[in-house]
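Just so we're aligned, residue 14 is where the sequence shown starts under our numbering, counting upward by one.
Yeah, the Cβ is synthetic: ideal placement off N, Cα and C, and Gly gets one too.
Computed from a prediction, not measured in an experiment: that's the story for all the values here.
Comments concern the structure below.
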Amino acid sequence: MAALETPQADSIAPAAVEPLLRGGFGRPYVYSERCDSTQTHLDPGLDEGAVAACDEQTEGRGRLGRRWIAPAGSAILLSVLLRPPAGRRVAELSLVGGIATALTVERALGLSSQIKWPNDVMVNRGKVAGVLAETREGVVILGVGLNVNQGREELPADAPVPPASLRTIDGVRRMRAPLLADLVLEVERAYKVWGAGEIAALFEELGPRDFLRNRRIWVDGEAGQAVAIDRSGRLEVNVGGEQRFVESGEVRYER
14 MAALETPQAD SIAPAAVEPL LRGGFGRPYV YSERCDSTQT HLDPGLDEGA
64 VAACDEQTEG RGRLGRRWIA PAGSAILLSV LLRPPAGRRV AELSLVGGIA
114 TALTVERALG LSSQIKWPND VMVNRGKVAG VLAETREGVV ILGVGLNVNQ
164 GREELPADAP VPPASLRTID GVRRMRAPLL ADLVLEVERA YKVWGAGEIA
214 ALFEELGPRD FLRNRRIWVD GEAGQAVAID RSGRLEVNVG GEQRFVESGE
264 VRYER
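Next up, the structure:
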């Protein structure tokens with residue numbers, strides 16, 4: 014991954030990104046320097062695989078409406094338009110996006126990453142990325158926020174999960190365009206595998222990266238022990254000796 018000599022050299026404008034796109038996704042590539050949220054920046058009538066990206070979001074958000082804050086030009090903030098097969102669980106797409114992001118992060122850092130069910134990517138116990146899948150007007154918008162070049166002081170101190178960026182992990186300031194193109198390609202690959210089968214088809218990439226495995230957790234306020242992410246993408250939890258499978262919910266964990 015190319016290192017960045019000066020912040021001014023970094024760009025995710027079309028001229029920097031489009032020559033690096035290698036698959037079918039990212040066409041069109043809808044870019045703005047500043048937008049409210051990439052989640053609202055894609056016309057549902059665009060082709061599947063259309064990508065929206067912004068250097069700065071004024072209303073970026075994650076799950077449960079939490080704000081996603083990143084200084085302008087420091088992160089990768091993008092959304093991908095998807096048209097999944099009828100009858101498929103949209104919630105699984107957060108895991109699909111998580112797998113794609115985790116693989117991208119691992120190649121950039123040369124370190125292993127983990128997926129905190131259902132939608133966070135973790136490295137060394139710090140959250141480097143979040144994924145959000147939302148249904149809008151008959152399509153799914155899959156959003157990814159990946160912390161790239163923020164310094165420690167630029168990350169929110171009051172986040173519910175300790176944040177990190179690629180730069181705080183290895184000290185390298187990166188050009189975002191190659192990283193963004195890699196991420197789009199990984200999303201396309203993981204999505205096509207999922208579309209041809211089920212989330213189980215990605216289990217070999219998901220299972221070993223399970224951040225919550227064997228941790229004491231609270232799901233919607235109820236305490237238990239996380240067992241594993243199952244082949245349906247659910248979180249298996251042991252609650253007082255009773256086995257439960259959680260398809261969605263708010264998870265806290267014991268640090």
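Q) P97 and L106 look like a contact to me (Cβ under 8 Å); what is the Cβ gap, rounded to whole Å? A) In the sequence shown, counting from the first residue as 1, residue 97 sits at position 84. In the sequence shown, counting from the first residue as 1, residue 106 sits at position 93. Confirmed, Cβ separation roughly 7 Å.
**Q.** Rounded separation between V200 and S245 - CA only
**A.** On the sequence shown, residue 200 is found 187 positions in, with the first residue counted as 1. On the sequence shown, residue 245 is found 232 positions in, with the first residue counted as 1. So the two alpha carbons sit approximately 19 Å from each other.
Q | Sequence-distant residues of its chain with Cβ nearer than 7 Å to E72 (five each side left out) | A | Taking the first residue of the sequence shown as position 1, residue 72 is located at position 59. Closer than 7 Å at Cβ, skipping near neighbours: D49, S50.
Q: Sort out for me which residues DSSP pairs Y204 with in a bridge.
A: Counting from 1 along the sequence shown, the entry for residue 204 is found at position 191. Y204 pairs with nothing; no bridge assigned.
Q: Express the C-alpha separation of G37 and G184 in angstroms, rounding to a whole number.
A: For the purposes of this step, residue 184 is identified with residue 171 of the sequence shown, where counting begins at 1. For the purposes of this step, residue 37 is identified with residue 24 of the sequence shown, where counting begins at 1. Each residue's Cα considered, the two are about 33 Å apart.
Q. For E211, which of helix, strand or coil comes out of DSSP?
A. The count along the sequence shown starts at 1 and reaches residue 211 at position 198. It is coil, neither helix nor strand.
Q | Contacting residues, own chain, Cβ-Cβ under 6 Å from R11 (five flanking each side not counted) | A | What is shown of the chain runs 14 to 268, which leaves residue 11 out entirely.
(Q) In this structure, how does DSSP classify Q163 when only helix, strand and coil are distinguished? (A) Taking the first residue of the sequence shown as position 1, residue 163 is located at position 150. In this structure, Q163 counts as coil in the three-state DSSP scheme.
Q: Could you check what DSSP says for S324 in three-state terms: helix, strand or coil?
A: Any answer about residue 324 is impossible in this case: the structure gives the chain only from 14 up to 268.
Q. Name the DSSP bridge partner or partners of D133?
A. Within the sequence shown, residue 133 is the residue found at index 120, counting from 1. Looking at the DSSP output, D133 bridges to K129, G143.
Q.
Rounded to whole angstroms, what is the Cα-Cα separation between T114 and A209?
A. Counting from 1 along the sequence shown, the entry for residue 114 is found at position 101. Counting from 1 along the sequence shown, the entry for residue 209 is found at position 196. The straight-line gap from Cα to Cα measures roughly 20 Å.
(Q) Which residue marks the beginning of the beta strand (DSSP E) containing F258, and which one marks its end? (A) Reading the sequence shown from its first residue, position 245 is the one you call residue 258. If you look at F258, you'll find it in the beta strand (DSSP E) that goes 255-259.
Q: Just tell me which of V161, R229, L193 has its CA closest to the CA of E267.
A: For this step, residue 267 is matched to residue 254 along the sequence shown. Of the candidates V161, R229, L193, the one whose C-alpha sits nearest the C-alpha of E267 is R229.
Q) Under a Cβ-count criterion, where at least 16 other Cβ atoms within 10 Å of its own Cβ denotes burial, should E255 be classed as buried or exposed? A) Against the sequence shown, residue 255 aligns to sequence position 242. With fewer than 16 other Cβ atoms within 10 Å, it is exposed.
Q.
Pull the bridge partners of Q70 from the DSSP assignment, please.
A. Translated into the one-based positions of the sequence shown, residue 70 becomes position 57. For Q70, which the question treats as bridged, DSSP gives the partners C48.
Q) Whose C-alpha, out of D223, V93, A213, Q238, is nearest the C-alpha of I128? A) Stepping through the sequence shown from its first residue, residue 128 is reached at position 115. By alpha-carbon distance to I128, the top candidate from D223, V93, A213, Q238 is D223.
Q) Terminal residues of the continuous beta strand (DSSP E) containing R96? A) Counted from its first residue, the sequence shown places residue 96 at position 83. Run containing R96: none; DSSP gives neither H nor E here.
Q.
So, at 7 Å on beta carbons, what are the nonlocal neighbours of A29 in its own chain, with the 5 sequence-adjacent residues on each side left out?
A. Along the sequence shown, one-based indexing puts residue 29 at 16. These residues qualify, in order along the chain: A190.
Q | Meets three-Cβ-pair contact criterion under 8 Å: the segment 204-220 and the segment 161-175 | A | Touching, no, given that fewer than three Cβ pairs across the two stretches are closer than 8 Å.
Q | For G158 and N227, the rounded distance between their alpha carbons | A | By one-based count along the sequence shown, residue 227 stands at place 214. By one-based count along the sequence shown, residue 158 stands at place 145. About 27 Å.
Q. Which of the three DSSP states, helix, strand or coil, is assigned to G156?
A. For this step, residue 156 is matched to residue 143 along the sequence shown. Annotated three-state conformation of G156 is strand, per DSSP.
**Q.** Proximity to I112 [Cα-Cα], best of L219, D243, A236
**A.** For the purposes of this step, residue 112 is taken as the residue at position 99 of the sequence shown. Per the C-alpha coordinates, the member of L219, D243, A236 positioned closest to I112 is L219.
Q: Closer than 6 Å by C-beta to V144: which residues in its own chain qualify, once you throw out the five before and the five after it? Chain order, please.
A: Counting from one through the sequence shown, the residue named residue 144 turns up at place 131. Within the same chain, and ignoring the five residues on either side of V144 in sequence, the residues whose Cβ sits closer than 6 Å to its Cβ are S107, G110, G111, N132, V157.
Q) Around the C-beta of V103, are 16 or more other C-beta atoms found within 10 angstroms, so that it is buried, or is it exposed? A) Here residue 103 refers to the residue found at position 90 of the sequence shown. With fewer than 16 other CB atoms across the displayed protein chains lying within 10 angstroms of its CB, V103 is exposed.
**Q.** Own chain residues within Cβ distance below 6 Å of G62, not counting five before or after
**A.** Within the sequence shown, the letter at position 49 stands for residue 62. Excluding positions up to five away in sequence, the list reads G37, F38.
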